[in-house]
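Comments concern the structure below.
In the numbering used here, the protein residues as written are 165 to 458.
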C-alpha cells in the first residue's frame with residue numbers, strides 16, 4: 165500500500181503500519197474511528213495519520229485527537245501555538261483547536277471514558293514521570309477491545325538516543341553523570357559540538373536534562389504498570405520496526421501489511437525481547453480480559 169503523505173521518520177511509518185494492520189484486523193473499515201496521539205508534540209504525526217488514514221479508508225470517519233503537557237519543561241514555551249498552526253496548514257479540513265489539548269502533567273486526560281479505539285505515542289514514554297498515571301488514564305479513555313501502540317526505548321538499550329552516549333541513562337548520581345558526559349565527549353563519543361558552549365557547560369546542562377527530563381523504565385517495571393492498569397501487554401510488533409528501518413535504507417517507504425506472519429513462537433518472542441537492547445521497543449496493549457471464574 166502506498167502513502168498519500170510521506171513519513172518524516174521510520175517511527176511515523178511503523179506506527180501507521182501497525183495502526184492500519186489493527187484497523188483491518190478489527191474490521192473497522194466503516195463508521196467512525198477515534199485515535200489519540202498521546203504527547204502530540206509538534207503535531208506532525210497527528211496530521212500524518214489523518215492524511216493517510218482518510219486516503220486508505222475512505223468509508224471511515226477518522227477523529228484524530230491529541231494532547232501534550234504544558235509544564236514538563238522540555239518544550240519551548242510557545243510550541244503549542246506552532247503545533248496548531250502547522251496542523252491547520254497541512255490538514256485544513258480538521259478543526260484542530262477542538263482536537264488538540266494542552267494539560268498539566270498530573271491532570272486527567274481531557275477526554276471521556278471509553279472514547280478511543282486506539283491510543284498511540286511516539287518516543288514519549290521515556291519522558292513521562294508518572295507512568296502509573298499515564299497507563300491508568302490510557303485504560304480509562306480506551307474502549308473495551310481497543311488497543312494502544314507505543315514506540316519508545318527501555319532502560320535496557322545501550323546507546324542512549326538523545327546524548328548519543330552508551331549507558332548514560334543508567335547513571336543516577338548527578339556528579340558521576342556529569343563527569344561521564346564530559347569524559348565521553350572529550351574522546352569523541354556524544355553529541356557535543358565545539359563552538360556552541362563550553363564542554364563544561366554542555367555537560368552540566370545535559371546532566372540536568374537526563375536527570376529531570378528522562379525517566380526510563382525496565383521491562384519488568386513496564387509490564388507491572390501496564391497490567392495494573394488492566395491492559396494486556398505485548399512487544400509483538402517490535403521486530404517490524406526494524407524491518408521498516410531496513411526497508412528505508414533501500415528507500416522503500418511503502419506501508420507494510422504487518423499481518424503476513426502470526427507473531428508466535430519462542431524464536432519470535434526471544435527476538436522481540438532481544439531487540440530492547442538495541443533501540444526502541446513497540447509496546448502493544450489491549451483492553452481485553454476474557455477470563456471469568458466458573
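Where is the CB? At the ideal position from N, CA and C, for every residue including glycine.
The model shown is predicted, which means the values in this text are computed figures rather than measured ones.
With DSSP run on the structure shown, which of helix, strand or coil describes residue i?
i	result
residue 455	coil
residue 372	helix
residue 430	helix
residue 195	strand
residue 182	helix
residue 439	helix
residue 167	coil
If I measure Cβ to Cβ from residue i and keep anything under 7 Å in the same chain, skipping five residues before and after, which residues do I get?
i	result
residue 301	272 and 273
residue 335	341 and 344
residue 435	403
residue 383	318, 320 and 440
residue 409	174
residue 209	176, 201 and 286
residue 179	284, 286, 313 and 315
residue 356	349, 363 and 366
residue 226	197, 199, 214, 217 and 218
Among residues of its own chain, excluding the 5 on either side of residue i, which ones have a beta-carbon nearer than 8 Å to its beta-carbon?
i	result
residue 397	386, 387, 390, 391, 447, 448 and 449
residue 193	187, 221, 223 and 224
residue 276	305
residue 270	294 and 297
residue 453	394 and 396
residue 244	232, 234, 264 and 266
With a threshold of 8 Å between beta carbons, is residue i in contact with chain C?
i	result
residue 254	Here chain C cannot be found, since the structure has a single protein chain.
Taking buried to mean at least 16 other C-beta atoms within 10 Å of its own C-beta, is residue i buried or exposed?
i	result
residue 338	exposed
residue 247	buried
residue 171	buried
residue 228	buried
residue 457	exposed
residue 361	exposed
residue 121	For residue 121 there is no data in the structure shown, the boundaries of the chain being 165 and 458.
residue 369	exposed
Can you list, in chain order, the residues of its chain whose CB lies under 6 Å from that of residue i, leaving out five sequence neighbours each side?
i	result
residue 250	207
residue 350	none
Looking at residue i: is its Cβ nearer than 8 Å to the Cβ of residue j?
i	j	result
residue 286	residue 185	no
residue 281	residue 310	yes
residue 379	residue 324	no
residue 303	residue 395	yes
residue 444	residue 401	no
residue 327	residue 359	no
>> Report the start-end ranges of each alpha helix (DSSP H) in the stretch 211-289 that is 4 residues or longer and not cut off at the edges.
In response: 243-254 and 260-263
> What residue ranges within the stretch 292-380 form continuous alpha helix (DSSP H) runs of no fewer than 4 residues, ordered along the chain?
Replying inline: For the stretch 292-380, whole alpha helix (DSSP H) runs of length 4 or above, ordered along the chain, are 295-305, 338-350 and 363-377.
> Quick one: complete alpha helix (DSSP H) runs, 4+ long, within the stretch 383-420?
Replying inline: 383-392 and 402-413
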